[in-house]
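Residue numbers (the working numbering): -5 to 383.
Take a look at the structure below.
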């Protein structure tokens, strides 16, 4: 028997991640500057690392409650209340193995076969495969540069059917860096109520905004929203795999049921690290986060100005740590641009098509790396574009 025949059709039909593709190619080359993977270049703060070490030394190496440490869930509740005026009960919060698991649990808890899920495009690579694996149907809602990559209610109205059940609200957005303002949120909430939809709000980049403080979609809309967040981006804790979901009790309980049979619980040392990360930042008025954002902002401005000076239109991102320049003036496709740039100049970026077909003509560049690396990368990209001309 050929083993490939055993693989489920839904898995066979999923394409490998376009992000990891270029990362994997770059990892086998020397002197590559990678702007491909969305991971903070900051090291997890020492006090957070020490908290995890202390938990191990104290012999705290067992399972926790499936829902997560009570102390951590209490702090998450306080953090959401204090930071975003979002109010969920402590028992309506589930600690997960990264925000990615929280997304997967939400999809599997909410989607029946054939249910339609509205997804802004371009957006994070995991949404469409996650919906498909849960038996749902992804319906892309294209966002455009001229609209600051903000999802428009009138475009949503055009595709809503009797099968439409969920909408994903992923802001600040990966890959565009777009955010929603208060008026955008109100218009979208009105549409959700009009069509009796439910929302999965992925707000993993909520702390990384530049023009103003993030406003959560779940504020005042808690009963219609599963809020997804985590520690990877704001607390430089990607490898700790610590996230959470907050939502209506019945939905969180359904997600918990799946979590019990699969992950059981998030790693206990990561949870103790999360307790320290939240409590220390709240006590310091989020000073470490603010310093990290200031550093990202300098890099953001540098990259936007640099791409524009090369003759490439570049939307100014208001959140996350990516720029999404328009490379269509070069005449190359997104895939060709990134492939040639990597092979000829050893700079790794991600083609916009990794985030959906609407990403054609764009590339995603992460500025979660040092200014020294960014300056050298810009020199190489400028030389590359000059060679095309």
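For every residue, glycine included, the Cβ atom is placed at its ideal position computed from N, Cα and C.
Since the model is a prediction, treat every value here as computed from it, not as a measurement.
Open item on the list: Check this for me: beta carbons of residue 183 and residue 215, under 7 Å apart or not?
Closed with: yes
TODO: Can you check DSSP and say which residues form a bridge with residue 110?
DONE: 131, 158.
Task: Three-state secondary structure assigned by DSSP to residue 196 - done: The answer is strand: DSSP assigns residue 196 an E or B state.
TODO: Take residue 136 as the anchor and find which of 128, 153, 120, 338 has the nearest alpha-carbon.
DONE: 153
Open item on the list: Does the contact criterion of 3 or more C-beta pairs under 8 Å hold for the region 62 to 74 versus the region 295 to 303?
Closed with: No, the region 62 to 74 is not in contact with the region 295 to 303.
Open item on the list: When you compare the CB positions of residue 407 and residue 237, do they come within less than 7 Å of one another, or not?
Closed with: The structure shown does not extend to residue 407, since the chain spans only -5 to 383, so no value can be given for it.
- [ ] Please go through the same chain and pick out, in chain order, the residues whose beta-carbon is closer than 7 Å to the beta-carbon of residue 368, but skip the five residues on each side of it.
- [x] 293, 296, 297, 361
Open item on the list: Considering only the alpha carbon of each residue, which of 146, 148, 113 lies closest to residue 131?
Closed with: 113
Task: Cβ pair count under 8 Å reaching 3, the region 272 to 291 against the region 78 to 95 - done: no
Open item on the list: Comparing C-alpha positions only, which one of 217, 189, 176, 180 sits nearest to residue 208?
Closed with: 176
TODO: List the residues that DSSP assigns as beta-bridge partners of residue 358.
DONE: 344
Open item on the list: For a test of the three-state rule: what should DSSP assign to residue 78, helix, strand or coil?
Closed with: Of the three classes helix, strand and coil, the one that applies to residue 78 here is helix, per DSSP.
Open item on the list: Excluding the 5 residues flanking residue 181 on each side, which residues of the same chain have their C-beta closer than 7 Å to its C-beta?
Closed with: 147
TODO: Under 8 Å by Cβ, that's how I've got residue 228 and residue 201 pegged, so tell me the actual separation to the nearest angstrom.
DONE: The beta-carbon distance between residue 228 and residue 201, rounded to whole angstroms, is 4 Å. This is short enough to meet the 8 Å contact definition.
- [ ] Quick one: which unbroken beta strand (DSSP E) runs of 3-plus residues sit fully inside the region 228 to 294? Chain order, please.
- [x] 237 to 240
- [ ] Let me know if residue 107 comes out buried or exposed under the rule of 16 or more other beta-carbons within 10 Å of its beta-carbon.
- [x] exposed
Task: Boundaries of the beta strand (DSSP E) in which residue 50 is found, first to last residue - done: Segment 40 to 51 is the alpha helix (DSSP H) holding residue 50; no beta strand (DSSP E) there.
Task: Among 364, 311, 330, nearest to residue 143 - alpha-carbon criterion - done: Out of 364, 311, 330, 311 has the C-alpha closest to the C-alpha of residue 143.
Task: Which residues DSSP lists as bridging residue 313, in chain order - done: Per DSSP, 203.
TODO: Could you check if residue 314 is buried or exposed, using at least 16 other CB atoms within 10 Å of its CB as the buried criterion?
DONE: buried
- [ ] Count the CB pairs spanning the region 243 to 259 and the region 267 to 274 that are closer than 8 Å, and state whether there are at least three.
- [x] Touching, no, given that fewer than three Cβ pairs across the two stretches are closer than 8 Å.
Open item on the list: I'd like to confirm the pairing. Which residues does DSSP put opposite residue 319 in its beta bridges?
Closed with: 308
TODO: Taking residue 121 and residue 162 to be in contact with their CB atoms under 8 Å, please state how far apart those CB atoms are, rounded to whole angstroms.
DONE: 6 Å
TODO: Would you mind working out which of 83, 19, 25, 89 sits nearest residue 374, comparing C-alpha positions?
DONE: Taking residue 374 as reference, the option from 83, 19, 25, 89 with the minimal CA-CA separation is 25.
Open item on the list: For residue 166 and residue 174, what's the separation of their Cα atoms in angstroms?
Closed with: 7 Å
Open item on the list: Can you look up residue 60 in the DSSP assignment and give me helix, strand or coil?
Closed with: Looking at residue 60 - three-state DSSP - the assignment turns out to be coil, as it is neither helix nor strand.
TODO: Give the secondary structure of residue 89 by DSSP, where H, G and I count as helix, E and B as strand, and everything else as coil.
DONE: DSSP, read as helix, strand or coil, puts residue 89 in strand.
Open item on the list: Looking at the secondary structure, which residues open and close the alpha helix (DSSP H) in which residue 367 lies?
Closed with: 365 to 382
Task: Distance, residue 288 Cα to residue 356 Cα - done: So the two alpha carbons sit approximately 26 Å from each other.
TODO: Identify the continuous alpha helix (DSSP H) that holds residue 333 and give its terminal residues.
DONE: 328 to 339
- [ ] Provide the residue(s) that pair with residue 223 in DSSP beta bridges, ordered along the chain.
- [x] 238
TODO: On the DSSP bridge assignment, give the partners of residue 115 in chain order.
DONE: Bridge partners of residue 115: 136.
Open item on the list: Let's see if you can read the secondary structure: which residues bound the alpha helix (DSSP H) around residue 4?
Closed with: 3 to 6
Task: Collapsed DSSP secondary structure at residue 27 in the structure displayed - done: strand
Open item on the list: Can you look up residue 180 in the DSSP assignment and give me helix, strand or coil?
Closed with: helix
Open item on the list: Whole angstroms are fine: how far does the CA of residue 203 sit from the CA of residue 319?
Closed with: Residue 319 and residue 203: Cα-Cα distance of roughly 18 Å.
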